[in-house]
Amino acid sequence: MELPYRNGEFWGWGDAGTMQRSRLFRLMFIVRELKWGRYPNARTLAQRLEVTARTIHRDLDVLRDDFYAPVEFDRSRNGFYLTDPDWVPSFGDGGVRLGAGEALALVLGLQALESVRAHGLEEPFQALLDKLPFLLPDPVSVDLGALASRVSFFFEPARGDPQAVGERLARLREAIDGCRVVRLRYYTASRDEETERLIEPYHLRYYEGAWYVAGYCRWRRDVRTFAVDRIREIEVLPETFPPPSPERFSPDVYFGEAWRLQRGAERQRVVVRFRPPQARYVRGRVWHPSQDARDEPDGSLVLSFQVLGTDEIMRWLLQFGAGVEVLEPPSLREAMAAEAEAMLAQYRGRGERPAPSKGQGGHGADVGR
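Rendered as structure tokens:
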């Protein structure tokens, strides 16, 4: 059975049709806890992995019997540990093999990531593809050429010099993994200026052809988002910081509250009406986690959102031209009208172009898009 992928994890179907973490993920998680010397026990592992303690004991048996893991229980620490800290799972003959569906999912995932570019992992990805034939059982093979002719992906190419962005991503991954403070010399496009920042990096995100790092900026005293290609210099410092708790930073919450990346200081309700021709294309897609949709008798579609800042949602709405109308809030409606008037004056040649509308309170200065 092929395993679905959700929130960065492989999942499988339980006996009752409910979703549960796959055994492969659980084994990897348990090995990580053991390698890090956390002395996990069946109860704590069961809670973290949302399974029963009996399932954890079966997983431990698999590690011992199939992977020869030197797992023992320390009664004084009330947890399991590795008697040989240097042990690693074996993936040779008799080890883990990929099924046809898993191999296909892996190749498709690599193809999608390859189309992004500038991720700094090109060589490891190619090495993984080279090893793929050795991870397949004898009767199973994957024809990469035939697959490429049937399925393809396109993502907007990553912004910035690929080598420079890849190097900065590597340094940021190092800092995030080690909870290390980084010093940046950062270019803010909206102000056309460079500043030096000390940030505690939390998370990397790829969005619309650009890489971003979210982290606590000690200058702004807040979590901000920085475009990686706008980083002129980067230094990973010896200083460390405590790992952020879910309450301090959660990618789902942080990015979910904004329209895409930029966050304003005030949460606002945005209500827009799409005319019938545009509604046919917009309907049926969730554009934001807070979305609420209502169909009108004339075929138009009314969508409402709750977002922090409206700069980005305004840019999104402008692509629909006269096919969309902002109903709320008044400030966004006025900003859209001002931009429409400026465009009309420019195309009809009415002398000087009116000043563009002011931003709606997003953090575009730090995002630097």
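In the working numbering, each number is its position in the sequence shown, counted from 1, plus 10.
Built from N, CA and C at the ideal position, the CB exists for glycine as well.
- The beta carbons of Cys189 and Thr250 sit closer together than 8 Å.
- As a beta-bridge residue in DSSP terms, Glu338 pairs with Val281.
- Within the same chain, Arg181, Glu184, Ala185, Arg190, Val192 come within 7 Å of Val246 by CB-CB distance, once the 5 residues on both sides are set aside.
- As a beta-bridge residue in DSSP terms, Tyr222 pairs with Arg215, Ala237.
- Looking at the DSSP output, Cys189 bridges to nothing.
- Of all alpha-carbon atoms in Val117, Val175, Glu204, the one lying nearest the alpha-carbon of Ser162 is that of Val117.
- In summary, Ala113 is buried, with 16 or more beta-carbon neighbours lying within 10 Å of its beta-carbon over all protein chains present.
- Asp84 and Arg36 have their alpha carbons spaced roughly 21 Å apart.
- Put simply, the backbone Cα of Tyr196 is about 37 Å away from that of Leu337.
- In the three-state scheme derived from DSSP, where H, G and I count as helix and E and B as strand, Pro80 is classed as coil.
- A Cβ-Cβ distance of about 14 Å is found for the pair His298 and Phe284, leaving them out of contact under the 8 Å criterion.
- Less than 8 Å divides the Cβ of Arg270 from the Cβ of Tyr217.
- If you check the CB distance, Val312 and Val334 do not come in under 8 Å.
- The alpha helix (DSSP H) runs of length 4 or more contained entirely in the stretch 305-351 are, from start to end of the chain, 321-328.
- DSSP, read as helix, strand or coil, puts Val161 in coil.
- Counting along the chain, Gly89 sits inside no alpha helix (DSSP H); it lies in the beta strand (DSSP E) bounded by residues 89-92.
- With a cutoff of 8 Å on beta-carbon distance, Ala268 and Val317 are scored as near each other.
- Here the C-alpha atom of Asp239 lies approximately 48 Å from the C-alpha atom of Glu82.
- Here the alpha carbon of Ala237 sits roughly 45 Å from the alpha carbon of Tyr78.
- Spanning the alpha carbons of Pro286 and Arg293 requires a straight line of approximately 10 Å.
- Boundaries of the alpha helix (DSSP H) harbouring Gln57: 52-59, taken from the DSSP string.
- Our two residues, Phe265 and Thr93, have alpha carbons roughly 42 Å apart in a direct line.
- Nearest Cα to Pro167 within the set Leu157, Leu214, Tyr212, Trp221: Trp221.
- Boundaries of the alpha helix (DSSP H) harbouring Gln288: 286-292, taken from the DSSP string.
- Counting of Cβ neighbours within 10 angstroms places Gln329 among the exposed residues, the total staying below 16.
- Apart from sequence neighbours up to five positions away, the residues of its chain that approach Glu203 with a beta-carbon distance below 8 Å are Tyr197, ordered along the chain.
- A direct Cα-Cα distance of roughly 42 Å separates Trp46 from Ala199.
- When C-alpha distances from Leu59 are compared across Glu344, Gln288, Arg230, Arg33, the shortest belongs to Arg33.
- The Cβ-Cβ distance between Asp71 and Ile40 does not fall below 8 Å.
- Ile244 has its alpha-carbon roughly 12 Å from the corresponding atom of Val223.
- By the CB criterion at 8 Å, Tyr91 and Leu44 fall inside the cutoff.
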